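What follows is a single structure, written as structure tokens, with notes after it.
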Amino acid sequence: MGVPDERGRFGDFGGRFVPEALMPACLELEDAFRDAWSDPTFVSEYRTTLAQFVGRPTPVTPLPRLSEKLGIQLYAKREDLAHTGSHKINNVVGQTLLTRRMGKTRIIAETGAGQHGVATATGAARLGLACTVFMGEVDTVRQELNVFRMELLGARVVPVTSGSRTLKDAVNEAMREWVTCVADTHYCIGSVMGPHPFPWMVREFQSIIGIEAAAQLSALGAGEPDLVVACVGGGSNAAGIFAGFANTDARLIGVEAAGGAAIASGSPGVLHGMRSMILQDEFGQIEEAHSMSAGLDYPGIGPEHAHLADAGRAEYFSVADEEVLDALSLLSESEGIIPALETAHALAWITREVGTLIPRGATVLLNLSGRGDKDVAQVRQLLAGQS
Amino acid sequence: MKSLEVSLRALRDGGRKALVPYFVAGATHDWVRHVQAAALGGADAIEIGIPFSDPMMDGVVIQEAGLRALHAGTTLESVGRDLAVLDTEIPLIAMTYYNIFLHYGLERSAGRLREFGISGAIVPDLSLEESPEWTVACAAQDVATIFLVAPSTPPARVEEVAEHSEGFLYASARMAVTGASSDEGDAARVVANVRDVSDLPTYVGIGITLPEQAARTAMVSDGVIVGSALVKVILDGASAHDVEKFVRSFRDAIDEAPKT
Numbered sequence: 001m002g003v004p005d006e007r008g009r010f011g012d013f014g015g016r017f018v019p020e021a022l023m024p025a026c027l028e029l030e031d032a033f034r035d036a037w038s039d040p041t042f043v044s045e046y047r048t049t050l051a052q053f054v055g056r057p058t059p060v061t062p063l064p065r066l067s068e069k070l071g072i073q074l075y076a077k078r079e080d081l082a083h084t085g086s087h088k089i090n091n092v093v094g095q096t097l098l099t100r101r102m103g104k105t106r107i108i109a110e111t112g113a114g115q116h117g118v119a120t121a122t123g124a125a126r127l128g129l130a131c132t133v134f135m136g137e138v139d140t141v142r143q144e145l146n147v148f149r150m151e152l153l154g155a156r157v158v159p160v161t162s163g164s165r166t167l168k169d170a171v172n173e174a175m176r177e178w179v180t181c182v183a184d185t186h187y188c189i190g191s192v193m194g195p196h197p198f199p200w201m202v203r204e205f206q207s208i209i210g211i212e213a214a215a216q217l218s219a220l221g222a223g224e225p226d227l228v229v230a231c232v233g234g235g236s237n238a239a240g241i242f243a244g245f246a247n248t249d250a251r252l253i254g255v256e257a258a259g260g261a262a263i264a265s266g267s268p269g270v271l272h273g274m275r276s277m278i279l280q281d282e283f284g285q286i287e288e289a290h291s292m293s294a295g296l297d298y299p300g301i302g303p304e305h306a307h308l309a310d311a312g313r314a315e316y317f318s319v320a321d322e323e324v325l326d327a328l329s330l331l332s333e334s335e336g337i338i339p340a341l342e343t344a345h346a347l348a349w350i351t352r353e354v355g356t357l358i359p360r361g362a363t364v365l366l367n368l369s370g371r372g373d374k375d376v377a378q379v380r381q382l383l384a385g386q387s
Numbered sequence: 388m389k390s391l392e393v394s395l396r397a398l399r400d401g402g403r404k405a406l407v408p409y410f411v412a413g414a415t416h417d418w419v420r421h422v423q424a425a426a427l428g429g430a431d432a433i434e435i436g437i438p439f440s441d442p443m444m445d446g447v448v449i450q451e452a453g454l455r456a457l458h459a460g461t462t463l464e465s466v467g468r469d470l471a472v473l474d475t476e477i478p479l480i481a482m483t484y485y486n487i488f489l490h491y492g493l494e495r496s497a498g499r500l501r502e503f504g505i506s507g508a509i510v511p512d513l514s515l516e517e518s519p520e521w522t523v524a525c526a527a528q529d530v531a532t533i534f535l536v537a538p539s540t541p542p543a544r545v546e547e548v549a550e551h552s553e554g555f556l557y558a559s560a561r562m563a564v565t566g567a568s569s570d571e572g573d574a575a576r577v578v579a580n581v582r583d584v585s586d587l588p589t590y591v592g593i594g595i596t597l598p599e600q601a602a603r604t605a606m607v608s609d610g611v612i613v614g615s616a617l618v619k620v621i622l623d624g625a626s627a628h629d630v631e632k633f634v635r636s637f638r639d640a641i642d643e644a645p646k647t
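Which chain is which? The protein sequence lines are A and B, in order.
FYI, the numbering for the first sequence is 1 to 387, going by my numbering.
FYI, the numbering for the second sequence is 388 to 647, going by my numbering.
Structure follows, in structure tokens:
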């Protein structure tokens with residue numbers, strides 16, 4: 001994984017496309033992050049918090065029954081076991097510590113499925129920061145329990161009624177709010193997206209996933225994986241696990257929702273402060289993504305992923321909604337792990353491609369980015385609709 | 388120097404405070420008649436918003452107008468076609484988000500603006516650092532690239548932004564997206580920071596809602612931009628005559644204020 005250039009670019013992608021009102025904050029944040037990330041005291045507090053509060057390291061779990069069914073050696077990096085139920089907390093721990101270090105007292109965030117919102121509310125509560133989360137109105141209905149969780153944690157949840165009322169619009173609204181309060185408020189972006197330094201900083205805070213997983217696979221005697229597979233909305237769990245294997249021969253695979261496949265169906269554009277691959281129409285208007293999974297319902301992708309795709313270092317595929325439920329049931333029944341709908345996209349790709357893109361016998365590492373508890377009501381409805 | 392800047396400097400040197408109303412192109416079917424009415428009402432330049440699906444710097448009023456315009460099928464090309472019937476000598480300035488120009492092609496966009504009779508462009512999500520390619524495309528077409536400074540912009544950066552802005556410098560009166568307000572906000576301080584380092588005409592926008600507020604703001608600057616307040620009356624069904632009266636109320640208040 002690369003370090004962005006002085007304009008915040010990974011190859012042709014990235015940069016800082018934000019209103020002037022926010023430029024000083026982006027520049028300040030870059031300085032603060034560079035300073036903190038090279039300060040052993042900060043890094044040590046970040047690592048200690050991950051150990052004592054988040055429960056890291058999360059294990060790598062061999063999946064023997066599913067491996068046998070599929071004819072591969074399948075392992076899962078268990079981010080579902082991290083506090084709050086997904087990898088999102090890793091980034092939040094980093095950004096909340098940085099918020100306090102910058103002397104800011106309030107944090108705002110966008111959320112799609114609610115995982116990043118819950119993680120942010122959690123991190124804010126732990127450090128005594130005020131917290132407001134912007135969530136598309138559609139998503140507040142799809143994920144109403146997560147809204148309540150955030151409120152229990154002391155956060156204010158603002159339903160966003162503009163545009164498509166999903167993740168993309170929650171980001172717009174958080175940006176608009178940030179303009180009004182940037183002096184005392186940090187915007188805790190939840191994925192490897194947005195203006196520089198966010199895509200780089202969030203990847204750094206998530207790289208712990210890949211660093212741990214590489215060591216754990218070795219310790220299990222599995223050696224280097226042939227493939228590393230993760231789901232991609234903005235792409236933070238994928239960036240985090242790829243970071244541990246970018247210098248190996250492993251094929252890095254990102255799996256997007258078919259209705260939000262920015263790499264497969266998008267083109268270069270500028271949205272939410274970054275130049276990346278974006279779903280847009282012939283006039284440059286942003287198109288709405290459509291996915292059963294609120295966390296993948298995003299028309300863009302982190303700029304480093306656009307660059308990795310461009311450079312051929314990572315490959316991106318998509319799976320349709322109907323493939324995802326089967327994968328979710330399969331993992332639940334054969335291994336006793338109910339994954340998040342987002343994560344089930346990555347597994348759906350694996351089950352589809354064994355014997356084609358995945359050679360039989362291959363060692364495959366799946367990033368099990370989140371647990372499925374938040375999705376069970378929706379899955380129940382969808383399964384009832386199928387029968 | 389770009390033509391737009393020549394005109395706007397002449398306006399300032401002639402002692403006139405600039406009044407720049409903002410319209411969302413395509414928000415109503417008769418939007419060009421509204422623009423014409425604003426010219427009659429005493430506008431010195433007109434900002435024409437080209438709608439974008441994700442307007443990060445805009446509040447609810449301009450978001451709503453933009454959505455209506457997009458539903459009506461407004462595009463960069465349709466704006467140009469509509470403008471063909473406009474009959475005015477005052478400068479036209481486009482305002483839109485970068486992806487519209489980037490997707491259409493930067494050189495092609497700048498060329499079309501020129502052909503449509505538009506002599507400047509404001510792109511609020513295009514930071515100075517990311518602007519060189521757009522500036523080059525506009526240079527070839529005599530389209531002025533207008534940049535913003537905000538209350539959060541440190542003095543050293545104000546100087547850098549002012550050096551690159553052409554036509555005028557857009558001074559944001561407050562830390563906010565477009566929308567209503569009733570005071571002058573930080574206008575005096577932001578303009579003073581500009582005056583320390585640049586003689587570029589400096590216009591204040593964001594939250595200019597009332598004629599008296601506009602007049603007070605014009606006293607500490609070279610002009611004012613009136614956006615959401617005007618777009619709101621248009622969304623509420625204003626006729627061309629209403630728009631002319633609205634603009635004239637700002638014109639009169641500004642002209643009657645004591646000279647500075």
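Ideal placement from N, C-alpha and C gives every residue a C-beta, glycine not left out.
Computed from a predicted model, the values in this text were never measured in an experiment.
Roughly how many angstroms separate the alpha carbons of A/I390 and A/P199, rounded to a whole number? Chain A is shown only over 1 to 387; residue 390 of chain A falls outside these bounds and no answer can be derived.
Counting pairs of Cβ atoms below 8 Å between the stretch 319-327 of chain A and the stretch 51-59 of chain A, do you hit three or more? no
Is the beta carbon of A/E304 closer than 8 Å to that of A/F33? no
Which class does B/K404 belong to by DSSP, given the choice of helix, strand or coil? Correct three-state label for B/K404: coil.
What's the gap between the Cα of A/M150 and the Cα of A/T111? 11 Å
Any chain A beta carbon closer than 8 Å to B/E520: no
At a Cβ cut of 8 Å, what residues of the stretch 550-584 of chain B count as close to chain A, listed as they run along the chain? S559, M562, A563, V564
Starting from B/L463 and walking both ways along the alpha helix (DSSP H), at which residues does that stretch end? 463-470
Where does B/M606 fall in DSSP's three states? helix
Would you say A/L271 lies against chain B (beta-carbon separation less than 8 Å)? yes
Residues that A/G15 bridges to, as DSSP identifies them: Looking at the DSSP assignment, A/G15 forms no beta bridge with any residue, so it has no partner.
Please state the DSSP three-state secondary structure of A/N367. strand
Assign B/V448 to one of three DSSP states: helix, strand, or coil. helix
A/A215 vs A/G254 beta-carbon contact at 8 Å: no
Quick one: using the 10 Å Cβ neighbour count with 16 as the cut-off for buried, is A/A377 buried or exposed? The residue in question, A/A377, is exposed, as its Cβ has fewer than 16 Cβ neighbours within 10 Å.
When the Cα of B/V620 is compared with those of B/L479, B/I449, B/G402, which residue comes out closest? B/I449
Taking the beta carbon of A/G295 as the centre, do at least 16 other beta carbons fall within 10 Å, making it buried, or is it exposed? That one is buried.
Under 8 Å between C-beta atoms, does A/F33 make it to chain B? no
I'd like to know whether the C-beta atoms of A/R126 and A/M1 end up nearer to each other than 8 Å. In this structure, A/M1 does not lie closer than 8 Å to A/R126 by Cβ.
Hey, B/T475 and B/G436 are a contact pair by Cβ (cut 8 Å); roughly how many whole angstroms apart? Not confirmed; about 17 Å, so no contact.
Under DSSP, the beta strand (DSSP E) around A/R78 begins and ends at which residues? 73-78
So, at 7 Å on beta carbons, what are the nonlocal neighbours of B/L493 in its own chain, with the 5 sequence-adjacent residues on each side left out? E520, W521, A524
With 16 as the cutoff for other CB atoms within 10 Å, does A/N247 come out buried or exposed? Exposed, by the Cβ-count rule.
Using a cut-off of 9 Å between C-beta atoms, extract the partners of A/R106 located in chain B. Near A/R106 there are no residues of chain B at all, since even the closest Cβ is about 14 Å away, more than 9 Å.
Check whether chain B comes within 8 Å of A/P40, counting only Cβ atoms and requiring the distance to be less than that. no
Give the straight-line distance between the Cα atoms of A/V157 and A/T132, rounded to the nearest whole angstrom. 6 Å
Once you ignore the five residues that flank A/S191 on each side, which residues in its own chain have a CB closer than 7 Å to its CB? Closer than 7 Å at the Cβ level, and outside the excluded window around A/S191, lie V202, G233, G234, G235, S236, G302.
Bridge partners of A/P339, per DSSP? A/R371
Straight-line CA distance for B/V613 to B/L406? 8 Å
Could you tell me the alpha carbon to alpha carbon distance between B/R499 and B/F488, rounded to whole angstroms? Cα to Cα, the separation comes out at about 10 Å.
Just checking: is the beta-carbon of A/S162 within a distance shorter than 8 Å of some beta-carbon in chain B? yes
Report, in whole angstroms, the separation of the C-beta atoms of A/N91 and A/V118, which I expect to be a contact under 8 Å. Actually they do not touch by this definition, with Cβ atoms about 13 Å apart.
Taking Cβ positions, are B/A616 and B/A640 nearer each other than 8 Å? no
Thinking just about the alpha-carbon of each residue, which of B/D512, B/S552, B/E546 is nearest to the one in B/V530? Distance from the Cα of B/V530 is smallest, within the candidate group B/D512, B/S552, B/E546, for B/S552.
Is there a C-beta anywhere in chain A that falls below 8 Å from the one on B/A537? yes
Would DSSP call A/V182 helix, strand or coil? coil
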